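In this note's numbering, the protein residues as written are 2 to 269.
Below, the structure is given as C-alpha cells:
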C-alpha cells in the first residue's frame, strides 16, 4: 500500500506537467500560469470535503480508550457485524499493537538500549535524507528548464517534461509488483547504482550538449533513465523502510522524525 501511495503521488506530478503544457499555449496571457496554480485549490477543497467522511483510525481510538468506537469503525471497514469473529480477531490485533505503541515516547527514539532505538531512528532518518539528496528534486522541479538548457525548443522541453512525468508514473508500478519478491535492500541498491551511473552520464553529456546534438539527445534519454531507477528503488521505499525497521513502541515518533528529513532536505 505504501508503494501504491507513492505511485499515486507521482500521478499527480504527471497531471501537473500535462496541465502546464496545455496552458503554455496561452502565453503571454497570465492565465497560462494562473490556472495551473489555482487548479490546485480545487483538489484541496475536494480533500477538505472528503475528510469528514473518513473513518477514524481504529488504532488511535484504542489508544484513547474509545474501544467501542474502534469496533464500530472496524465493522464498517470490513462491512461485517460487530459480533463477527473476524472483527474481534482484528480488534484484538489492533489492541495488542496499540498497547505496545503506548509504551513508547518521543525520547525513546534516542535511547541506546538493547533494542538499539537510536540506531533504528538514524536508519530511518538517513534513508529519507539520501532520497532527497539523490538529485530527484532537480529533475522533478526543473525538468523543462533542463531540457531547454540542452538545446531543445520551449515546446519540446515542456512536452518531454510531461512525457518524463508519465514514464515516471508508469515505471513506479514496477516497485509495487516486485517489492515483496526482491526485498527492500536489493531494490534500493539497484536504484542507487542506476542513479549514480545516470548522473555520471548526465554530467558528461550536458557539458557538450550545446555543441554536440548527440550529447544533448543522450542527456535527454538519461533524464528518463534516472527517473526510472529512482522510481523503482527509492520513490516509495524510504516511506516503507522506516516503518519496518523501527519497533512498534517508537514507530510513530521515529517515522515523524524521518519525515522531517524529507522536507528539510527537499527545501535545502
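Positions of the beta carbon are idealized from the N, C-alpha and C atoms, including for glycine.
As the structure is a prediction and not an experimental result, all values here were calculated from the model.
Distance from the CA atom of residue 250 to the CA atom of residue 105, rounded to whole angstroms, is 4 Å. Between residue 4 and residue 255, the alpha-carbon positions lie close to 19 Å from each other. The straight-line gap separating the alpha-carbon atoms of residue 60 and residue 80 is approximately 18 Å. For residue 236, the secondary structure class from DSSP, reduced to helix, strand or coil, is coil.
In the DSSP assignment, residue 51 falls within the unbroken alpha helix (DSSP H) covering 32-51. DSSP places residue 57 in the coil class of the three-state scheme, outside both helix and strand.
The residue among 224, 173, 257 and 137 with its C-alpha nearest the C-alpha of residue 7 is 173. Restricting attention to 163, 207 and 194, the CA atom closest to the CA of residue 16 is found in 163. For residue 267, the closest alpha carbon among the candidates 73, 197, 133 and 146 is that of 133. Each residue's CA atom was taken as its position, placing residue 252 and residue 91 some 20 Å apart. Boundaries of the alpha helix (DSSP H) around residue 21: 3-25. For residue 97, the enclosing alpha helix (DSSP H) begins and ends at 86-102.
Exclusion of the five residues before and after residue 77 leaves 56 as the residues of its chain whose Cβ lies within less than 7 Å of its Cβ. Exposed is the label assigned to residue 108, since fewer than 16 other Cβ atoms lie within 10 Å of its Cβ. The beta carbon of residue 95 sits closer than 8 Å to those of 59, 60, 63, 71 and 75, all from its chain and outside the five residues before and after it, given in chain order. Secondary structure in the region 113-176: the alpha helix (DSSP H) runs of 4 residues or longer, each lying completely within the stretch, are 118-133 and 137-150 in chain order. In this structure, the beta-carbon distance from residue 193 to residue 165 does not fall below 8 Å. With fewer than 16 other beta carbons inside 10 angstroms of its own, residue 114 counts as exposed. The continuous stretches of alpha helix (DSSP H) do not include residue 105, and DSSP gives it neither H nor E. Under the three-state reduction of DSSP, residue 65 is assigned to coil, being neither helix nor strand.
When secondary structure is reduced to three states using DSSP, residue 83 falls in the coil class, being assigned neither helix nor strand.
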